[in-house]
Every structure is written in structure tokens, then in C-alpha cells.
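Each residue of the sequence shown is one higher than the last, beginning at 3 in my numbering. Heads up, the beta-carbon is just placed ideally off N, CA and C, and yes, glycines get one too. Below is one structure, written out as C-alpha cells; the observations come after it.
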Amino acid sequence: MQFIDTHIHLDGEEFDVDRQQVIDRAREAGAVAMFLPAIDLPSSYRILQLCQQHLGFLYPMVGLHPEEVKSDYRDVLAAFKPFFSSFTNDPLQLPSLIIGIGEVGLDFYWSREYEKEQLEAFETQVQWSVETRLPLMIHCRKAQNEMVRLLRRYERELPGGVFHCFTGNAHEAEELLQFENFCIGIGGVSTFKKSHLPEVLPNVVPLNRLVLETDAPYMAPVPMRGQRNESAYITYIIEKLAESYGVAPDEIGHQTTENVAQLFGITIKEH
Ligand SMILES: [Zn+2]
3 MQFIDTHIHL DGEEFDVDRQ QVIDRAREAG AVAMFLPAID LPSSYRILQL CQQHLGFLYP
63 MVGLHPEEVK SDYRDVLAAF KPFFSSFTND PLQLPSLIIG IGEVGLDFYW SREYEKEQLE
123 AFETQVQWSV ETRLPLMIHC RKAQNEMVRL LRRYERELPG GVFHCFTGNA HEAEELLQFE
183 NFCIGIGGVS TFKKSHLPEV LPNVVPLNRL VLETDAPYMA PVPMRGQRNE SAYITYIIEK
243 LAESYGVAPD EIGHQTTENV AQLFGITIKE H
């Protein structure tokens, strides 16, 4: 069994006591890589530092999460510039580690107070993706129409990305799959009793458009639901998907790993 967790907030304080063990358990369970999305500037720096200590296994993304977008978002985004403007000549070689822009997107679940700001911040970061050719890790909640409308304007220039934590219906999945080089990120929600994903996914999402994620420490799959999540628990998601697609668990692991490697342009060391 091999897999890639494309979305874990491993820099979070929830992992302060046992971060190394979480990494070790992931490896033992079959992880060949873990991707760390940022939510703001401090977490972007934390993640870069953490990934430097685990080269070739932990991979960083940088970006401003929609829920972190406030009225000062322009200044905040400007402070990300060093990551990209010196993409090739940074003496620390930090930028060369970055594999994606994330997590970015729109979230109108709790409020639309910063709707305009969120839309502008998302668009700026979509433009970063176009300029740097780094794929997007997209967070979208209660905002698919707005997100799709914005992405369509850049459709032909985008290098691709992941629609992370997909929980929608067949129509929404089909709409997202119209974006070439984009994959759908599936996590713990697919194992929840009331989830319709086990029925929806095999009908509309081909296995070559699927990637795995935990969104840890959140979204732990059944039977760990409610506990702190970690990458090793992806095996529960793999089992669920194998059952619903009617294939062997190994095939889910292998195919999703290949999808990720292709989308993010990284070489995975088989072990
Ligand atoms: Zn996340």
C-alpha cells in the first residue's frame, strides 16, 4: 500500500507533542509523501522550515486561506512576494521547495463579511499560480458558483490543482472536472455514515481525477471520527473508496499517488 496525503496541517499546535511520531506512523502506513498547505504568512514560514527538515517527504505550499482574509489582505499578500519574486535566486533555496499555492479559495459558510476581499485575494493567488506554474490547493465552501466563475477566466492559463475536501453532489463534481488538470480531493467525509460520496464518486469521478487527503487535524474518518486526524488514517479512506469503486485498495493508493505525482510534477520514491 502506498499513498500521498495531499493536505495535512502538520505545523499546527495539535501536533506539537508528537509531530515526528505522526510522520513515522504515516510512513509505516504507506505514505510516500505528505503535502502541507499554509493558511497565512506565519504558517507558510513554519511549513517551509518543517519541510526543509524532511526533504523529499514533506512538501510545502504557501498561501492565504479565505477565512484568514481580512481588510488588510493586500498588505498580507504583498508580504508573500519573496516566495515568488525570487523564485530562482533565493540564497536559502526556500522557494524551490514550494510545490503549490494553498490553501486558497472562498468560504462563505460563516459569513460574507469579507466577500469582496476574499474574491480579490483568491484572484491574486490564482494569478500567482499562472505566473509560477505552481498548482492550486483550493478550499471552497458555500461558494462553488463564485469560484467557478472566477476560475473560468483563467482556465486556459492555469497549471492545474486540487479541489480540496470535496463533499458536493454529482452535478458539482462534473462542473469541477471540466477544469483540465484539476483533481478532486477526498478525505474523511467519504467515510461518514450519511455521506453520499460513496455512491456519487464512482459514477462521475474517474479514478485518474482523484487524490487523497486528511485535512488533519480535522475531519478524521470513521472509525476515528471526532478524534485528532493524522495521515496514517488515510487507510480508512482508501478502504472505503476501494469498496465503492469496486477495486483493490492497492489500486486506489497507486492511482491516486500517480495522479498527485503528475499534477504536482514530483518524483515519488517507491519503497
Ligand atoms: Zn485545510
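Checking 8 angstroms against the spacing of the C-beta atoms, do residue 9 and residue 39 come in under that value?
yes
Looking at residue 204 and ligand 1, is the gap between the Cβ and the nearest heavy atom below 7 angstroms?
no
Taking Cβ to Cβ, would you say residue 141 is nearer than 8 angstroms to residue 223?
no
Output the distance between the C-alpha atoms of residue 181 and residue 260, rounded to the nearest integer angstrom.
19 angstroms
Element boundaries [beta strand (DSSP E), containing residue 61]:
60-64
Looking at C-alpha atoms only, which residue of 116, 58, 167, 83 is the closest neighbour of residue 127?
83
For residue 268 versus residue 75, is the C-beta spacing smaller than 8 angstroms?
no
Count the CB pairs spanning the segment 158-166 and the segment 130-138 that are closer than 8 angstroms, and state whether there are at least three.
yes
Exposed or buried, residue 201, counting other C-beta atoms within 10 Å across all chains shown (16 or more means buried)?
exposed
Helix, strand or coil at residue 108 [DSSP, three-state]
strand
Proximity below 8 angstroms, CB of residue 71 to CB of residue 232
no
Residue 216 vs residue 5 beta-carbon contact at 8 angstroms
no
Alpha carbon to alpha carbon, how far is residue 133 from residue 235?
35 angstroms
Which full runs of the beta strand (DSSP E) of 3+ residues lie inside the segment 144-204, going along the chain?
163-165, 184-188
For residue 13, three-class secondary structure by DSSP
coil
Straight-line CA distance for residue 168 to residue 108?
13 angstroms
Coarse secondary structure for residue 57, derived from DSSP in three states:
coil
Using a 10 Å radius around the Cβ and a threshold of 16 neighbouring Cβ atoms, would you call residue 19 buried or exposed?
exposed
Mapping the DSSP letters down to three states, classify residue 26 as helix, strand or coil.
helix
Run the proximity test for residue 217: is its beta-carbon closer than 7 angstroms to any non-hydrogen atom belonging to ligand 1?
yes
Please determine, among 153, 15, 13, 7, the residue with the shortest C-alpha to C-alpha distance to residue 33.
7
Beta strand (DSSP E) segments (min. 3 residues) lying fully within the segment 202-263
212-214
Between residue 239 and residue 197, how many whole angstroms is the CB-CB distance? I'm expecting something under 8 angstroms.
Not really, about 11 angstroms apart at Cβ, beyond 8 angstroms.
Within the same chain, show all residues whose beta-carbon is closer than 7 angstroms to that of residue 174, passing over the 5 residues directly before and after it, in chain order.
146
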